[in-house]
Every structure is written in structure tokens, then in C-alpha cells.
Amino acid sequence: MARPSPERAPSASEQLEALLGKPWPFPGRPPKHDLSTWRVTDDWPDPVPVTLAEVEVFERWFGDLFDELFSPPF
């Protein structure tokens, strides 16, 4: 005698639809701006100014890593 096959578990989208009562993903309006026309520009000064306090924070948190990366091999 063959066993009945267990039902398939609902997908995450199906579970959200059951909980929310609306299809997922929600239909929405199109983006306000066409992102394909956007440009990214870099207007930072060269070199980027860094304060002594910022350097000390990096040395405190990443000092061991910096020592390992930048020290000469033995």
C-alpha cells in the first residue's frame, strides 16, 4: 500500500500573502526617478583630511590587523 505524499510546505511569499491578505510583493508605483540616468561623482578633496582622533580609533580597533598585514615577514 502506497503512503500518501505529504503536502508541500507553503513558500515564504505564500505565507506572507496568507498573513497579510494581499499578494506579495506588493504592487507599487514605479520609481520617481529613472535611476539609470544617475551619475555618481567624487567631490572629496585629495588627500582626504583625517584627524588624529580618527587615526587613534582605527589603531585601537584594527592595530593587530594592521601589524599583521603591514609588518615585514620573518
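In the numbering used here, the protein residues as written are 782 to 855. Note that beta-carbon positions come from the ideal geometry of N, C-alpha and C, so glycine has one too.
C-alpha gap between residue i and residue j, whole angstroms
| i | j | result |
| --- | --- | --- |
| Phe-851 | Glu-840 | 13 Å |
| Val-836 | Phe-847 | 12 Å |
| Glu-798 | Ser-792 | 10 Å |
| Gly-844 | Pro-853 | 15 Å |
| Gln-796 | Ala-790 | 9 Å |
| Val-821 | Gly-802 | 40 Å |
| Leu-816 | Leu-800 | 33 Å |
| Ala-834 | Thr-818 | 39 Å |
| Pro-828 | Glu-849 | 25 Å |
| Thr-832 | Pro-811 | 43 Å |
Range of the contiguous alpha helix (DSSP H) that encloses residue i
| i | result |
| --- | --- |
| Asp-848 | 833-851 |
| Ser-794 | 793-801 |
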